[in-house]
Amino acid sequence: MTAPAFLLFGAHGDLALRMLWPSLFRLHCDGSLPEDMALYGVSRSGSTAELHAHLHKALAEELNEGNRHRLAGFLAKTEFVNLDAGHATDYAGLADILRKAGRHVAISYLSMPPDLFTPIVANLQGAGLIDPRTRVILEKPIGKDLASSRAISDGVAGALAETQTYRIDHYLGKEAVQNLLALRFGNAIFEPLWNSHHIESVHISIAESLGIGGRWAYYNKSGALRDMVQNHMLQLISLIAMEPPVNGSSEAIRNEKIKVLQALHPITESNFAERVIFGQYTASTDGSLPGYNDEADAAETSDTETFVAIKAHVDNWRWKGVPFYLKTGKRLASKHTEVIITFKEVPQFLFGQKPDADLCNRLVIQMQPDESITLEIFNKTPDVHEFVLKPVALNLEINEAGNGKIRHIAYERLIRDAIKGDRTLFVRRDELEQAWAWIDQIHAARKAARAPLLHYPAGCHGPDFE
Ligand code: BG6
């Protein structure tokens with residue numbers, strides 16, 4: 000019996016320093032890392048001393064009176080391994096370190112470009128570092144289209160079973176996203192209304208205020224459709240539109256999620272113009288923020304979209320005819336993620352003059368930056384002369400429901416689940432491929448339709464869309 004090792008490939012990268020190491024530290028502090036698990040930061044150059052110096056900085060914001068004393072123990076568990084991920088021969092050194100330490104690879108987290116996934120997994124296998132206990136976490140993006148994603152999945156499947164493959168979408172680790180399941184399937188009151196007979200439309204928006212500065216090279220090959228819709232937005236639509244699973248197991252939930260993706264109405268050249276808009280930010284009107292093509296690391300003039308809005312339809316009995324408006328963009332007026340379920344109007348209005356606003360109840364699920372659920376209902380305003388209706392909000396502040404418990408960052412939850420072997424919040428291969436197939440179609444339709452790219456000034460709400 001050997002002790003477990005956690006390998007973090009890309010140990011000095013931006014994601015590792017901002018999210019992954021802090022998540023590991025939090026798990027260490029609350030006792031969720033196996034006591035005997037050692038952490039190995041893997042990268043092309045560096046040393047343990049250098050990694051520890053990075054960690055001191057990266058974890059500074061995490062430290063408080065309650066956990067400061069745990070930092071030394073965390074660093075003592077953490078070692079650096081010098082390895083060029085693409086060099087098969089370097090893995091013998093890694094195997095040697097682990098053998099001497101009496102450890103097997105329990106988790107390998109690949110926070111690396113996707114073209115390295117197959118070589119890394121093959122090299123780990125070649126060095127005898129994959130056994131049935133090993134789980135490999137793949138960071139997004141997994142490919143850039145269906146063909147490349149399939150090639151990666153085939154490549155890693157050469158060394159790993161699907162049950163050992165953990166494809167991450169950090170949105171699934173967010174409390175507010177998991178709460179969609181609780182809201183839908185933990186309450187009896189919504190389910191009877193959750194269909195095209197009662198719902199008029201669904202809006203899913205992920206707005207970001209930051210631009211692309213610093214990530215231009217990656218983003219320019221990706222664009223908003225691949226970067227945000229293919230993964231996060233399609234995961235949200237799956238959770239909102241799925242049928243109740245037969246039980247709470249990971250397979251039962253994922254079996255229902257994929258059916259939503261399979262039911263997405265194809266976007267083609269002929270319906271593109273009424274269904275999709277692509278946009279790109281230009282300099283802000285006051286000139287303080289640069290346009291996408293003027294970002295410091297912009298290498299060329301590009302028509303990559305930084306904004307996309309899609310009117311999607313889920314073609315099944317429950318949702319036929321209900322538009323799902325998906326909207327996401329960079330450099331918008333604010334950062335927020337929100338889902339709005341708009342219910343149908345009452346069939347006949349009984350109270351004299353209709354108010355200007357539509358008489359629709361709305362369920363507003365705010366996911367970021369604050370989490371809240373609001374049900375907007377109509378109420379009589381106190382007045383002896385007239386019978387006037389006004390919308391009022393029934394408000395649930397999620398932080399209150401949590402009794403003041405600390406909120407966890409998404410990666411913390413996902414790493415913990417991978418260690419425990421729970422795959423519910425990871426993306427299955429068929430889900431991923433179904434999502435890519437829909438996205439590829441939109442790219443092809445954009446090209447065929449010669450769709451215009453709409454420009455919007457940084458800091459505004461983006462191009463108009465329903
Ligand atoms: C990432 C995208 O997956 O999600 C980024 O690559 C985006 O471009 C980020 O900024 C948004 O995540 P969050 O958690 O800040 O909403």
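In this text, residue positions in the sequence shown follow numbering that gives the first Met the number 0: the first is 0, and each later residue adds one.
All C-beta atoms, glycine included, are put in the ideal place defined by N, C-alpha and C.
Keep in mind the model is a prediction, meaning the values are calculated, not measured.
In this structure N246 is exposed. Its beta-carbon is surrounded by fewer than 16 other beta-carbon atoms within 10 angstroms.
D226 has its CB nearer than 6 Å to a heavy atom of the ligand BG6. Annotation: G12 to P3 spans about 23 Å, alpha carbon to alpha carbon. No Cβ-Cβ contact shorter than 7 Å links Y455 with H169. The residues F350, G351, K379, in chain order, have a CB closer than 8 Å to that of F386 in the same chain once the five nearest residues on each side in sequence are set aside. Under the rule that a run must span 4 or more residues, the alpha helix (DSSP H) segments found entirely inside the region 414-449 read 428-448. A distance below 7 Å separates the beta carbons of I136 and Y165.
For I339, the enclosing beta strand (DSSP E) stretches over residues 335-342. N219: member of the alpha helix (DSSP H) spanning 215-223, first to last residue.
Counted as a single uninterrupted DSSP element, the alpha helix (DSSP H) harbouring Y90 occupies residues 89-100. The continuous stretches of beta strand (DSSP E) do not include N194, and DSSP gives it neither H nor E. Collapsing the DSSP output to three states places Q229 in a helix. A Cβ-Cβ contact shorter than 7 Å links N360 with I376.
In the three-state reduction of the DSSP assignment, Q367 falls in the strand class, which pools E and B.
T281: member of the beta strand (DSSP E) spanning 275-281, first to last residue.
DSSP places R25 inside the alpha helix (DSSP H), whose first and last residues are 20-28.
Pairwise C-beta distances place the region 240-255 out of contact with the region 327-342, as fewer than three of them are shorter than 8 Å. For the pair V176 and L235, the Cα-to-Cα distance works out to about 7 Å.
Contact between P462 and G278 is confirmed by a C-beta separation of about 5 Å, below the 8 Å threshold.
For L54, the enclosing alpha helix (DSSP H) starts and ends at 47-57. Boundaries around I309 are those of the beta strand (DSSP E), 306-312, since no alpha helix (DSSP H) includes it. With the rule of 3 Cβ pairs closer than 8 Å, the region 42-54 counts as touching the region 10-24.
The region 129-145 makes contact with the region 221-236; the number of CB pairs closer than 8 Å reaches 3 or more. Under the DSSP assignment, A251 falls outside any beta strand (DSSP E), being part of the alpha helix (DSSP H) whose first and last residues are 249-261. In the same chain as V363, and ignoring 5 residues on each side of it, the C-beta atoms closer than 6 Å to its own belong to I339, T373, in chain order. A distance of 7 Å or more separates the beta carbons of A251 and D314. Ranking R317, H86, R134, N230 by CA distance to the CA of G172 puts N230 first.
Annotation: the region 97-152 contains the following complete segments of the beta strand (DSSP E) (minimum length 3 residues), in chain order: 102-109, 134-137. Judged by DSSP secondary structure, V391 falls within the beta strand (DSSP E) whose first and last residues are 388-396.
In this structure, DSSP gives V41 an extended state, which the three-state scheme calls strand. By the neighbour-count criterion, in which a residue is buried when 16 or more other Cβ atoms sit within 10 angstroms of its Cβ, Y217 is exposed.
Contact between S107 and F79 fails: their C-beta atoms lie close to 16 Å from each other, not under 8 Å. Residue pairing by DSSP places T327 opposite I205, V307 in a beta bridge.
Residues I276, K326, F464 of the same chain have their beta carbon placed closer than 6 Å to that of A308, with the five preceding and five following residues left out of the count.
Selection Q433, H197, R149 evaluated against H264 yields Q433 as nearest (Cα-Cα).
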